[in-house]
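The sequence shown runs -18 to -1, 1 to 249 under mature numbering (1 follows the signal peptide of the UniProt record, and there is no 0). Using N, Cα and C, we set each Cβ at its ideal position, and we do this for glycine too.
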Amino acid sequence: MRSLGALLVATLCSAAAAATTYTQNGVEYVNLQEFAQENGITSRNQGGDLTLTKGNITLFLPVGMPEAATRNGQPAPLSARVTNIGGAIVVPLMDVQRAFGLKVTASLSKAPVPVASGATKPSTPLVLMPAPKPAPTTSAPPPTTPTIALNAELRTKIGATKPIEVVYEKKPFPGYDFTYGSKTSLPLTLKPEDFAAHCANLVFARLKSPATANFGAVRVYAYPNNYWVTVGLVDAQNSYGALIRDEYRCVNAYVNGVVWHSWDFVK
């Protein structure tokens, strides 16, 4: 018969192995790293986009776009965005349990998101990076808004028949990992359309055969916490000579006085 001490240790070890969960805005989140280890799932983070794999199941979670999540290439929209809590990436628990055929245990009885003493519990997903402080009020005239011109050849391919659409989001963008991004000299005073032009120019320059490029409509999601996400489609050869018809995405963010930038083709 096992001793009470041994039984207690075994119980504590078992409890410690459970992945940490939080409830926020009616959604139960789970610590991704712990959940993956607990269920034998391989997790890969590429510029904020997450790819979760186990056996013959692959779950793709694009950053900031829960509606675009896929399971084995088929639509599998999430009930909420992947976000960052306490320095850890968290995902909607019920969604990932269902995606991998696990028993659904999500409920609203778990602990709420931890909040620092004296702070107020946030009503929206926590932002990965601190939002900039508002500029001080000044009587000086506002600066002239600069613009970014599309490459001349590219402009004819997008043109007035395929305008840049801007969608103004009401909720803050949940944050982005700029590990693979870079600081830019782009000013905050740019219009959303100019971030889209900057993104399209970068994509155009990377193509091996720009003359073969066929660009679809471009959409910019503008967020109140100074994030701009550009999404577009292109059909052309890339720098490796492969013919692609793929989606590209750029993420710009104004963080600590600097506009950051990251982009790639969405796989």
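Next item on the list: Determine the burial state of G46: buried for a count of at least 16 other Cβ atoms within 10 Å of its Cβ, exposed for fewer.
Entry: The residue given as residue 46 occupies position 64 in the sequence shown. Buried.
Item checked: DSSP three-state assignment for L14, whether helix, strand or coil -> Locating residue 14 in the sequence shown gives position 32, where the first residue counts as 1. Looking at L14 - three-state DSSP - the assignment turns out to be helix.
Note to self: Cutting at 6 Å between CB atoms, please list the residues of its own chain near A1, excluding the five before and the five after it.
What the structure shows: As a position in the sequence shown, residue 1 is number 19, starting the count at 1. Same-chain partners within the cutoff: V12, N13, E16, F17, E20.
Notebook entry, point to check: If you count every other CB in all the chains shown that lies within 10 Å of the CB of E175, and 16 or more means buried, which is it?
Noted result: For the purposes of this step, residue 175 is taken as the residue at position 193 of the sequence shown. Buried.
Margin query: Within a Cβ cutoff of 8 Å, which residues of the same chain sit near L164, ignoring the five residues on either side of it in sequence?
Written below: Here residue 164 is taken as the residue at index 182 of the sequence shown, counted from 1. First, the amino acid is wrong: residue 164 is Ser here, not Leu. Excluding positions up to five away in sequence, the list reads W242, H243, S244.
Notebook entry, point to check: What whole-angstrom Cβ distance do E147 and L75 have, given they're in contact under 8 Å?
Noted result: Locating residue 147 in the sequence shown gives position 165, counting from the first residue. Locating residue 75 in the sequence shown gives position 93, counting from the first residue. With 8 Å as the limit, E147 and L75 do not qualify as a contact, their Cβ atoms being about 34 Å apart.
Next item on the list: For the beta strand (DSSP E) holding N66, just list the boundary residues, first then last.
Entry: As a position in the sequence shown, residue 66 is number 84, starting the count at 1. Its beta strand (DSSP E) spans residues 65 to 67.
Margin query: Rounded to the nearest angstrom, what separates G214 and T33 at their Cα positions?
Written below: Sequence index remark: in the sequence shown, residue 214 carries index 232 (1-based). Sequence index remark: in the sequence shown, residue 33 carries index 51 (1-based). Rounded to whole angstroms, G214 to T33 spans 21 Å at the Cα level.
Notebook entry, point to check: If we count the other Cβ atoms within 10 Å of its Cβ and call it buried at 16 or more, is D77 buried or exposed?
Noted result: Working through the sequence shown from its first residue, we reach residue 77 at position 95. Classification of D77: buried, given that the 10 Å Cβ count is 16 or more.
Checklist line | Proximity to A199 [Cα-Cα], best of E229, L41, K190 | finding: In the sequence shown, counting from the first residue as 1, residue 199 sits at position 217. Considering only alpha carbons, the answer is E229.
Next item on the list: Work out the CA separation of P156 and T65 for me, nearest whole Å.
Entry: Here the question's residue 65 lines up with position 83 in the sequence shown. Here the question's residue 156 lines up with position 174 in the sequence shown. So the two alpha carbons sit approximately 6 Å from each other.
Item checked: Between the CA atoms of Y203 and W210 - distance to the nearest angstrom -> Residue numbering aside, residue 210 sits at position 228 when the sequence shown is read from its first letter. Residue numbering aside, residue 203 sits at position 221 when the sequence shown is read from its first letter. Take the alpha-carbon of W210 and the one of Y203: they are about 6 Å apart.
Notebook entry, point to check: Between the beta-carbon of F186 and the beta-carbon of A178, is there less than 9 Å?
Noted result: Counting from one through the sequence shown, the residue named residue 186 turns up at place 204. Counting from one through the sequence shown, the residue named residue 178 turns up at place 196. Result no, Cβ atoms of F186 and A178 do not sit closer than 9 Å.
Item checked: Helix, strand or coil at P74 [DSSP, three-state] -> Taking the first residue of the sequence shown as position 1, residue 74 is located at position 92. Three-state DSSP puts P74 in a strand.
Checklist line | Residue span of the beta strand (DSSP E) that contains L34, given as start and end | finding: Here residue 34 refers to the residue found at position 52 when the sequence shown is read from its first residue. Looking at the DSSP string, the run of the beta strand (DSSP E) that includes L34 is 31 to 36.
Notebook entry, point to check: Taking DSSP as the reference, what is the three-state secondary structure of L110?
Noted result: If you number the sequence shown from 1, residue 110 lands on position 128. For L110, the predicted model reports a pLDDT of 34, less than 50, meaning its position is unreliable and no value from the coordinates is stated.
Checklist line | L170 burial status per 10 Å Cβ neighbour count (16 or more: buried) | finding: For this step, residue 170 is matched to residue 188 along the sequence shown. So L170 counts as exposed.
Notebook entry, point to check: Which of helix, strand or coil does DSSP assign to T24?
Noted result: Within the sequence shown, numbered from 1, the residue matching residue 24 stands at position 42. Three-state DSSP puts T24 in a strand.
Next item on the list: Could you tell me the distance, in whole angstroms, from the CA atom of V86 to the CA atom of S61?
Entry: In the sequence shown, the residue the question calls residue 86 occupies position 104. In the sequence shown, the residue the question calls residue 61 occupies position 79. C-alpha separation (whole angstroms): 14 Å.
Notebook entry, point to check: What is the DSSP secondary structure of A199, counted as helix, strand or coil?
Noted result: Translated into the one-based positions of the sequence shown, residue 199 becomes position 217. Note: A199 maps to strand in three-state DSSP.
Item checked: Same chain, Cβ closer than 8 Å to E151, five either side skipped, listed in chain order -> Indexing the sequence shown from 1 puts residue 151 at position 169. Answer for E151: Y203, A204, Y205, P206, listed in chain order.
Notebook entry, point to check: Which word fits D149, buried or exposed, when buried means at least 16 other C-beta atoms lie within 10 angstroms of its C-beta?
Noted result: Residue 149 sits at position 167 when you count from the first residue of the sequence shown. The sequence shown places Val at residue 149, not Asp. Exposed, since its Cβ has fewer than 16 Cβ neighbours within 10 Å.
Checklist line | Alpha-carbon spacing of G83 relative to G55, whole angstroms | finding: Position 101 of the sequence shown, counted from the start, is the residue given in the question as residue 83. Position 73 of the sequence shown, counted from the start, is the residue given in the question as residue 55. So the alpha carbons of these two residues sit roughly 16 Å apart.
Notebook entry, point to check: Between the C-alpha atoms of L172 and T212, what's the straight-line distance to the nearest angstrom?
Noted result: Numbered from 1 along the sequence shown, position 190 holds the residue referred to as residue 172. Numbered from 1 along the sequence shown, position 230 holds the residue referred to as residue 212. So the alpha carbons of these two residues sit roughly 14 Å apart.
Check: What first and last residue would you give for the alpha helix (DSSP H) that runs through L184?
Finding: Looking up residue 184 in the sequence shown gives position 202. For L184, the enclosing alpha helix (DSSP H) covers residues 174 to 188.
Check: If I71 sits next to R53, beta carbons under 8 Å apart, how far is it from one beta carbon to the other, in whole angstroms?
Finding: In the sequence shown, counting from the first residue as 1, residue 71 sits at position 89. In the sequence shown, counting from the first residue as 1, residue 53 sits at position 71. Not a contact, Cβ separation roughly 19 Å.
Notebook entry, point to check: If you draw a straight line from the C-alpha of Q6 to the C-alpha of E49, how long is it?
Noted result: Position 24 of the sequence shown, counting from 1, holds the residue named residue 6. Position 67 of the sequence shown, counting from 1, holds the residue named residue 49. When rounded, the distance between both Cα atoms is 19 Å.
Check: Within 10 angstroms of its Cβ, does residue 251 collect 16 or more other Cβ (buried), or is it exposed?
Finding: Within the shown structure, residues of the chain are numbered from -18 to 249, placing residue 251 beyond reach of any answer.
Check: V237 to N208, Cα distance in whole Å?
Finding: Counting from one through the sequence shown, the residue named residue 237 turns up at place 255. Counting from one through the sequence shown, the residue named residue 208 turns up at place 226. If you take the alpha carbons of V237 and N208, they lie about 8 Å apart.
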